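*Asks:* In my numbering, the protein residues as written are 95 to 433. Glycine is no exception: its CB is placed at the ideal position from the N, C-alpha and C atoms. Keep in mind the model is a prediction, meaning the values are calculated, not measured.
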Amino acid sequence: MKSIIVGDWQWILYEEALAKGFKYRQIEVIPFKTSKYFNSFLKKIQKKLRCGILITKLNNDLLSLCEEKKPNFIFFQRPELILPNTLSRIKCLMPKVVLISYHNDNPYIQNFKGFKYSHYFNCLPYFDINYVYRPSNVNQAKKIGAKNVKVLLPYYIKGVHNKAITEEKKYDVVFIGHYENDNRVDFCNYLLDQGINLKIFGTGWPNKIEKKIGENIVPLRGDLYVKTLQEAKIALVFYSTLNEDVYTRRNFEIPATGTFMLTPQSEELDKIFIPNKHCVYYSHKEDLLKKINFYLQHENERETIAKTGCELCRKKFSNFSISQKILNDIEEYENSRSY
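1. Does the segment 337-346 come within contact of the segment 224-239, defined as at least 3 CB pairs closer than 8 Å?
2. Please determine if the segment 303-314 and the segment 237-253 are in contact, where contact requires at least 3 C-beta pairs separated by less than 8 Å.
3. For the beta strand (DSSP E) that residue 122 lies in, which residues bound it at each end?
4. Go ahead and label residue 355 buried or exposed: buried means 16 or more other beta carbons lie within 10 angstroms of its beta carbon, across all protein chains shown.
5. Give me the DSSP bridge partner(s) of residue 292.
6. Mind checking residue 258: buried by the 16 CB within 10 Å criterion, or exposed?
7. How big is the Cα-Cα spacing for residue 187 and residue 161?
8. May I ask you to report which of helix, strand or coil DSSP gives residue 234?
9. Using the C-alpha atoms, what's the distance from residue 416 back to residue 201?
10. Under a Cβ-count criterion, where at least 16 other Cβ atoms within 10 Å of its own Cβ denotes burial, should residue 289 be classed as buried or exposed?
11. Note down the Cα distance separating residue 84 from residue 180, rounded to an integer number of angstroms.
12. Closer than 6 Å by C-beta to residue 122: which residues in its own chain qualify, once you throw out the five before and the five after it? Chain order, please.
13. Assuming residue 291 contacts residue 266 under a Cβ cut-off of 8 Å, what Cβ separation, rounded to an integer in Å, is found between them?
14. May I have a chain-ordered list of the beta strand (DSSP E) segments no shorter than 3 residues that lie completely inside the segment 275-356?
15. CB residue 209 to CB residue 144, shorter than 8 Å?
16. For residue 151, does the count of other Cβ atoms within 10 angstroms reach 16, so buried, or fall short, so exposed?
17. Counting only the same chain and skipping the five closest in sequence on each side, list residues whose C-beta sits under 6 Å from that of residue 285.
18. Are the beta-carbon atoms of residue 148 and residue 126 separated by less than 8 Å?
19. Do the segment 414-430 and the segment 109-122 make contact, defined as three or more Cβ pairs closer than 8 Å?
20. Consult DSSP for residue 392 and reduce its assignment to one of helix, strand or coil.
21. Rounded to a whole number of angstroms, what is the C-alpha to C-alpha distance between residue 238 and residue 251?
22. For residue 184, tell me which candidate among 173, 199, 153, 197 has the shortest Cα-Cα distance.
23. What residue range is occupied by the uninterrupted alpha helix (DSSP H) comprising residue 193?
24. Below 7 Å CB to CB, which residues in the same chain sit around residue 310 once its five sequence neighbours on both sides are set aside?
25. Am I right that residue 169 and residue 232 are in contact with their C-beta atoms under 8 Å? What's the rounded C-beta distance?
26. Check residue 273 in the structure and name its three-state DSSP category.
27. How long is the line joining the alpha carbons of residue 172 and residue 130, rounded to whole angstroms?
28. Quick check on this structure: which residue in 425, 413, 197, 363 has the alpha carbon closest to the alpha carbon of residue 106?
29. Could I get the ranges of all uninterrupted beta strand (DSSP E) runs contained in the segment 149-228, with 3 residues as the minimum, in chain order?
30. Residue 376 and residue 382 look like a contact to me (Cβ under 8 Å); what is the Cβ gap, rounded to whole Å?
31. DSSP three-state call for residue 244: helix, strand or coil?
32. When you compare the CB positions of residue 379 and residue 269, do they come within less than 8 Å of one another, or not?
33. My assumption, with CB atoms under 8 Å, is that residue 166 sits in contact with residue 248. Please give the rounded CB distance.
34. To the nearest angstrom, how far is the alpha carbon of residue 262 from that of residue 296?
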């Protein structure tokens, strides 16, 4: 079986991670990298405006690649630069090809609507399978005309997040993530005021938080990100209120590293991680403080939950597992359609 993955190909989290999963299943993967078309400031303007000769060239080049390689399926990661006519022409050339979209952001919320996602919305009816990030997006996509809409969960990356677990713990509590103008600053301030030894890593954090903890807040990536998580007794999760998240990729990366996870209460995540067995949930900042203090003082309970969560996550939620789900969905679709 042969595939094309269309996307930026700039982060190992997305196209590359799924490609590794497909290759493990003996699927040939041909990358189509949209980022190469926008390698200067002036070219990036066309990308931002979603129009121009480079957008046309990108779509024509994709069509030519499809005609040459004749893939069985094409996976589009955040297809914001793809034109509906391109998908229609691909289907005319190869009626049996399976076209798949996936958007891991939340383009359906009111503040994000506009020309940025106009091509994506217009393309939705042309895809055979449409993956969305969260359950609330399913009906939202269907209202726009998308068919065969499914949730594709986040995942950890095999070989990156599931390294051998270290026994040494340097930090009591860590949060690794970007700043957002929601309750995370309030929560972090509260924990610091209550004397919690909290380490924060990420981008965009305001100076007042840096002054409070007495050091610059820096981002962590790759091995250092994993190493820092493994050296923490407790790793915190905050959800993006802007994106209306009910889980985040860190909900799968943290347990995969073998670290104890404290995450906001979520009915959707409850269906995956059993409370107090695979992770611990909190509902407000006082509840979070209480649970931090309890699990810092009760190492055996903390490590048991971390171990159980790790075993579940490593077994079911790797990029390899998610790639297999996509292949299963393709097979189901092919068996159900008629020509």
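*Replies:* In short:
1. yes
2. no
3. 122-127
4. buried
5. 267
6. exposed
7. 7 Å
8. helix
9. 22 Å
10. exposed
11. Lying outside 95 to 433, the shown extent of the chain, residue 84 is not represented and no answer is given.
12. 96
13. 4 Å
14. 292-295, 326-330
15. yes
16. So residue 151 ends up on the exposed side.
17. 292
18. no
19. yes
20. coil
21. 32 Å
22. Closest by alpha carbon: 153.
23. Taken as a continuous stretch (DSSP letters only), residue 193 belongs to no alpha helix (DSSP H), being part of the beta strand (DSSP E) at 192-197.
24. Excluding residues within five positions, the ones whose Cβ falls inside 7 Å are 304.
25. At roughly 19 Å, the Cβ-Cβ gap does not stay under 8 Å, so residue 169 and residue 232 are not in contact.
26. Residue 273: coil per DSSP, three-state reduction.
27. 16 Å
28. Out of 425, 413, 197, 363, the CA that lies nearest to the CA of residue 106 is found in 413.
29. Scanning the segment 149-228 for uninterrupted beta strand (DSSP E) segments of 3 residues or longer gives 167-171, 192-197, 223-226, listed from N- to C-terminal end.
30. 4 Å
31. strand
32. Between residue 379 and residue 269, the C-beta gap is not smaller than 8 Å, which leaves the two residues out of contact.
33. Contact doesn't hold; Cβ gap of about 25 Å is too wide.
34. In this structure, the CA atom of residue 262 is about 22 Å from the CA atom of residue 296.
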